[in-house]
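Counted the way the UniProt record's numbering counts, the sequence shown spans residues 1 to 361.
Virtual Cβ for every residue (Gly too), placed ideally from N, Cα, C.
A short write-up of the structure that comes next.
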Amino acid sequence: MSDGAEKRRGTLLDIAAAVGVSRTTVSNAFNRPDQLSAELRDKIMAAARAMGVHGPNPAARMLRTGKAEAIGLLFHETLPFAFDDPAAVGMLRGIASACEKARSGLLILPAVKSPASRSAIHRAAVDGFLVYGFLNGAEAWAPLLRRGLPVVAIDNQVPEGVAFVGIDDRGAARKVAQHVLGLGHRRLGIVSLEAAVDGYAGPLDAARRAKMTFRTSADRLAGYAEAIAAVGIDPDSVPVEERPASSEANGRDAALSLLRRPDRPTAILAMSDRLAIGVIEAARSLNLRVPEDVSVAGFDDIPRAALVRPALTTIRQPLFDKGATAASLLLGAVADGGTIPADRRLLPTELVVRASTRPPG
């Protein structure tokens, strides 16, 4: 064994003795450097490096304090999607901002779809969980709730006793549908997000609608239906194309099915801006003009919504604030060692009317 391997790693007390300060001061040099002068911190860090100390041991700290100083985010889509989808990125930025303010780490985990992912939840060194998107049924929630840690759901159907942060998807969808109907459109089409996590792509018929388990899609579809019924149209007569993920490619594919119908819609409502942008692309591929031949409305108000041509009419939801609010709620409970009231925090939405909608004809 080499001399380096045999040499004992220094401790905070060793560093304190070498520099002539207290153990607390050494701890502050690592964890709260703003409380020390730059000169003193540099002196402490130099002594630490000489003793082979590069920072507190996370495992030891967790054993000592009972806290991991990190929260977990259970994400319902694939991890690459979390960093690709603009709506998800906006929400993640809000979570990251709250974590930074609280000096907390963030661990992103895939949703509970396999024994391996359930095991990851059980092993995760976190102080609480955020759950984003789809997690349905007692079996899916059980691995989380067994941990006995604080939990906050974002855009999710939640069991009793779990806090929720989101928006009124139903009311927001009703608002954008009322706008399109108010322009005089009566032949509508809808591009829906997933009704259930099963990879289905195709018409969302009445039988499948009755079994929808994805809360966001169900609420938005219900909001559209309320506005449609209010003008005397049977909501079941409106064609709906479901696609399994929010992407431009899925929006194009769904729109082609709608726009090739003999009773082609004069307006299409899409449940996300990415889907709506795909609808615009599909219309162009068929030599249809937006909005002269078909109006298009989206949902989310991602940055591209204002940049695409024509600029997209949509529902603006506070993506950053949604993530920040949920994370702050969770981190506050972790810091206080308490529980989170199982209430519903609904953030405001806004109809943003741009150039992609106009009266028909």
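Q) For residue 257 versus residue 275, is the C-beta spacing smaller than 8 Å? A) Position 257 of the sequence shown, counted from the first residue, corresponds to residue 257. Position 275 of the sequence shown, counted from the first residue, corresponds to residue 275. Not closer than 8 Å, so no.
Q) If we ignore side chains and look at the alpha-carbon of each, how far apart do residue 12 and residue 68 end up? A) Residue 12 sits at position 12 when you count from the first residue of the sequence shown. Residue 68 sits at position 68 when you count from the first residue of the sequence shown. If you take the alpha carbons of residue 12 and residue 68, they lie about 20 Å apart.
**Q.** Residue span of the beta strand (DSSP E) that contains residue 165, given as start and end
**A.** Position 165 of the sequence shown, counted from the start, is the residue given in the question as residue 165. That run of the beta strand (DSSP E) goes 163-167.
Q: Pick out whichever of 173, 33 and 181 has its Cα sitting closest to the Cα of residue 193.
A: Position 193 of the sequence shown, counting from 1, holds the residue named residue 193. That would be 173, whose Cα lies nearest to the Cα of residue 193.
(Q) Nearest by alpha-carbon distance to residue 271: which of 259, 214 and 232 is it? (A) Translated into the one-based positions of the sequence shown, residue 271 becomes position 271. When only C-alpha atoms are compared, the closest one is 214.
Q | Cα-Cα separation, residue 59 to residue 164 | A | Here residue 59 is taken as the residue at index 59 of the sequence shown, counted from 1. Here residue 164 is taken as the residue at index 164 of the sequence shown, counted from 1. Its pLDDT being 49, under 50, residue 59 is placed unreliably in this model, and the coordinates cannot settle the point.
Q: Report buried or exposed for residue 31, applying the criterion of at least 16 other Cβ atoms within 10 angstroms of its Cβ.
A: Along the sequence shown, read from residue 1 onward, the residue named residue 31 stands at position 31. Residue 31 is exposed by the Cβ-count criterion.
Q | Residue burial classification, residue 298 (beta-carbon count within 10 angstroms, cutoff 16) | A | For the purposes of this step, residue 298 is taken as the residue at position 298 of the sequence shown. Residue 298 comes out buried.
Q. Using the C-alpha atoms, what's the distance from residue 320 back to residue 93?
A. For the purposes of this step, residue 93 is taken as the residue at position 93 of the sequence shown. For the purposes of this step, residue 320 is taken as the residue at position 320 of the sequence shown. Whole-angstrom Cα-Cα distance: 6 Å.
Q | residue 216 (DSSP reduced to helix, strand or coil) | A | Residue numbering aside, residue 216 sits at position 216 when the sequence shown is read from its first letter. If DSSP states are grouped into helix, strand and coil, residue 216 belongs with the helices.
Q) CA-CA distance, residue 281 and residue 329? A) The residue given as residue 281 occupies position 281 in the sequence shown. The residue given as residue 329 occupies position 329 in the sequence shown. Those two C-alpha atoms are separated by around 40 Å.
Q. DSSP puts residue 180 in a beta bridge; with which residues?
A. Position 180 of the sequence shown, counted from the first residue, corresponds to residue 180. Residue 180 pairs with nothing; no bridge assigned.
(Q) Can you list, in chain order, the residues of its chain with a C-beta nearer than 7 Å to that of residue 96? Leave out the 5 residues immediately preceding and following it. (A) Residue mapping note: residue 96 aligns to position 96 of the sequence shown, counting from 1. Taken in chain order, the residues that qualify are 106.
Q. By how many angstroms is the C-alpha of residue 325 removed from the C-alpha of residue 286?
A. Your numbering for residue 286 matches position 286 in the sequence shown. Your numbering for residue 325 matches position 325 in the sequence shown. Roughly 43 Å between the two C-alpha positions.
**Q.** Reference residue 365, options 80, 89 and 71, closest by Cα
**A.** Residue 365 is absent from the structure shown; the chain starts at 1 and stops at 361.
Q. What does DSSP give as the partner residues of residue 295 in its beta bridges?
A. For the purposes of this step, residue 295 is taken as the residue at position 295 of the sequence shown. Paired residue(s): 267.
Q: Taking the CB atoms as reference points, tell me whether residue 318 and residue 354 lie closer together than 8 Å.
A: For the purposes of this step, residue 318 is taken as residue 318 along the sequence shown, with counting starting at 1. For the purposes of this step, residue 354 is taken as residue 354 along the sequence shown, with counting starting at 1. For residue 318 and residue 354, no; Cβs fall outside 8 Å.
Q. Thinking C-beta only, is residue 333 closer than 8 Å to residue 150?
A. Along the sequence shown, one-based indexing puts residue 150 at 150. Along the sequence shown, one-based indexing puts residue 333 at 333. Against a cut-off of 8 Å, the Cβ pair of residue 333 and residue 150 comes out as a contact.
Q: With a threshold of 16 other CB atoms inside 10 Å of the CB of residue 83, please say whether the residue is buried or exposed.
A: Reading the sequence shown from its first residue, position 83 is the one you call residue 83. Exposed, by the Cβ-count rule.
(Q) Applying the 10 Å Cβ sphere with the 16-neighbour rule, what's the burial state of residue 348? (A) Residue numbering aside, residue 348 sits at position 348 when the sequence shown is read from its first letter. Flag for residue 348 reads exposed.
Q) If we ignore side chains and look at the alpha-carbon of each, how far apart do residue 23 and residue 54 end up? A) Here residue 23 refers to the residue found at position 23 of the sequence shown. Here residue 54 refers to the residue found at position 54 of the sequence shown. Between residue 23 and residue 54, the C-alpha separation is close to 15 Å.
Q. What does a CB cutoff of less than 8 Å around residue 236 pick up in its chain, not counting 5 residues either side in sequence?
A. Counting from 1 along the sequence shown, the entry for residue 236 is found at position 236. Same-chain partners within the cutoff: 206.
(Q) Quick check on residue 242: does DSSP put it in helix, strand or coil? (A) Taking the first residue of the sequence shown as position 1, residue 242 is located at position 242. In the structure shown, residue 242 sits in a strand (DSSP, three-state: E or B).
Q) With contact counted as at least three CB pairs below 8 Å, one residue from each stretch, are the segment 174-189 and the segment 225-234 in contact? A) yes
Q. Are the beta-carbon atoms belonging to residue 203 and residue 244 less than 8 Å from one another?
A. For the purposes of this step, residue 203 is taken as the residue at position 203 of the sequence shown. For the purposes of this step, residue 244 is taken as the residue at position 244 of the sequence shown. Not in contact: residue 203 and residue 244 (Cβ atoms no closer than 8 Å).
Q. Looking at the unbroken beta strand (DSSP E) that takes in residue 233, where does it start and where does it end?
A. Counting from one through the sequence shown, the residue named residue 233 turns up at place 233. Careful: residue 233 lies outside any beta strand (DSSP E) and carries neither H nor E.
Q) What number of angstroms, rounded off, separates the C-alpha of residue 340 from the C-alpha of residue 162? A) By one-based count along the sequence shown, residue 340 stands at place 340. By one-based count along the sequence shown, residue 162 stands at place 162. So the alpha carbons of these two residues sit roughly 8 Å apart.
Q: Might you give, ordered along the chain, the residues of its own chain that have their beta carbon closer than 8 Å to the beta carbon of residue 390, omitting 5 neighbours on each side?
A: The question about residue 390 has no answer, for the chain in this structure spans 1 to 361.
**Q.** Distance between residue 294 and residue 360 (C-alpha atoms, nearest Å)
**A.** As a working mapping, residue 360 is identified with position 360 in the sequence shown. As a working mapping, residue 294 is identified with position 294 in the sequence shown. The alpha-carbon atoms of residue 360 and residue 294 are separated by roughly 7 Å.
Q: Would you list, in sequence order, the uninterrupted beta strand (DSSP E) runs of no fewer than 3 residues that lie entirely inside the segment 34-112?
A: 70-75 and 105-110
Q: Please name the residue, chosen from 262, 49 and 37, that lies closest to residue 14 on a Cα-to-Cα basis.
A: Position 14 of the sequence shown, counted from the first residue, corresponds to residue 14. Minimum Cα distance to residue 14 is reached at 49.
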